[in-house]
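Residues in the sequence shown are numbered consecutively from 459, following the numbering used here. For every residue, glycine included, the Cβ atom is placed at its ideal position computed from N, Cα and C. Bear in mind that the values here come from a model prediction, so they are computed numbers and not experimental data. What follows is a short report on a single structure.
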Amino acid sequence: MATRSYNQFCALAFALDAIGERWTLLIVRELLTGPRRFKDLIDGLPDISTNLLTERLKSLEQQTIIRRRVLPPPAGSTVYELTPFGLDLEKAVLELGKWGSRLLPPSLEGLALPSLGSTSLAIKAFFHPEQAQGIHETYELHFGKEVLQVRFNDGEISVQQGQTYKPDAVFYTEMQVFIGLFAGQLQVNDAIAGGSIRVEGDAQALSRFLSLSSVRGGTH
């Protein structure tokens, strides 16, 4: 397929030439949590065809935004990951996500549940660094077999896929429940009492987490 271009001497136009095609930024979103297999990307982008995903990955690789790597044994899987050049997109993606949050409908009805990459994006986009000064804590979020680790470190945040060593608290829940808590549509006490989320560790950890990163940070 021929590459389309705005053909303008403009940095924004060149950026859109590189990442403006449909699905491209969502692929970047998924890779911001770390290396992903082709199947992981298909799972996180349920409406994309395998042919189109292959095409987008090839384009991103040609532009050195992503690269392929084979994991060492025993895994041996081929994964896609962002290059340093690709990682430079994180700030722009976070700002776009935060801007786009104003366009979200009030209900998830008829929409695919957020992927792990989408949830990671939201956690970072709605991080409140002023509330995290002096805090050094790590949390695990378990959504079935998928896991995110969220680390707060004196006003900074990092979010990655997978488990971590000795987290301060672990949350077990479903994605829809977490989104309700994150958006302030569901109260912490109600979720815990109703059994829709289970907390291992400090009983106040979930409220503290949401005060550091959520749409209504500091109000829980």
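| Asked | Found |
| --- | --- |
| Would you kindly report the start and end of the unbroken alpha helix (DSSP H) that includes Glu470? | What sits at residue 470 in the sequence shown is Leu, not Glu. Looking at the DSSP string, the run of the alpha helix (DSSP H) that includes Leu470 is Ala469 to Ile477. |
| Between the beta-carbon of Phe640 and the beta-carbon of Ala580, is there less than 9 Å? | yes |
| Using alpha carbons as the reference points, say which of Glu548, Arg495 and Leu566 lies closest to Gly534. | Arg495 |
| Which residues in the same chain as Ile506 place their Cβ atom closer than 6 Å to its Cβ, once the five residues preceding and following it in sequence are excluded? | Trp481 |
| Where in the segment 558-628 do unbroken runs of the beta strand (DSSP E), each at least 3 residues long, occur, reported from the N-terminal end onward? | 594-601, 604-611 and 615-619 |
| Could you please give me the residues that DSSP links to Glu539 through a beta bridge? | Arg525 |
| Does DSSP put Ser654 in a helix, in a strand, or in coil? | coil |
| Can you tell which of Leu569, Thr461 and Phe472 has the C-alpha that lies nearest to the C-alpha of Arg514? | Thr461 |
| Tell me which residues share the same chain as Ala590 and place their Cβ nearer than 6 Å to its Cβ, disregarding the 5 neighbours each side in the sequence. | Phe610, Gly613 and Leu670 |
| Using 10 angstroms around the beta-carbon of Val528, count the other beta-carbons present and answer buried if the total reaches 16, otherwise exposed. | exposed |
| Is it buried or exposed for Ser584, if we count other Cβ within 10 angstroms and need 16 for buried? | First, the amino acid is wrong: residue 584 is Phe here, not Ser. Buried, by the Cβ-count rule. |
| Report the CB separation of Glu598 from Pro625 in whole angstroms; it is logged as a contact under 8 Å. | 5 Å |
| On the three-state DSSP scale, how would you describe Thr631? | strand |
| Any contact of the segment 476-493 with the segment 536-549, i.e. 3+ C-beta pairs under 8 Å? | yes |
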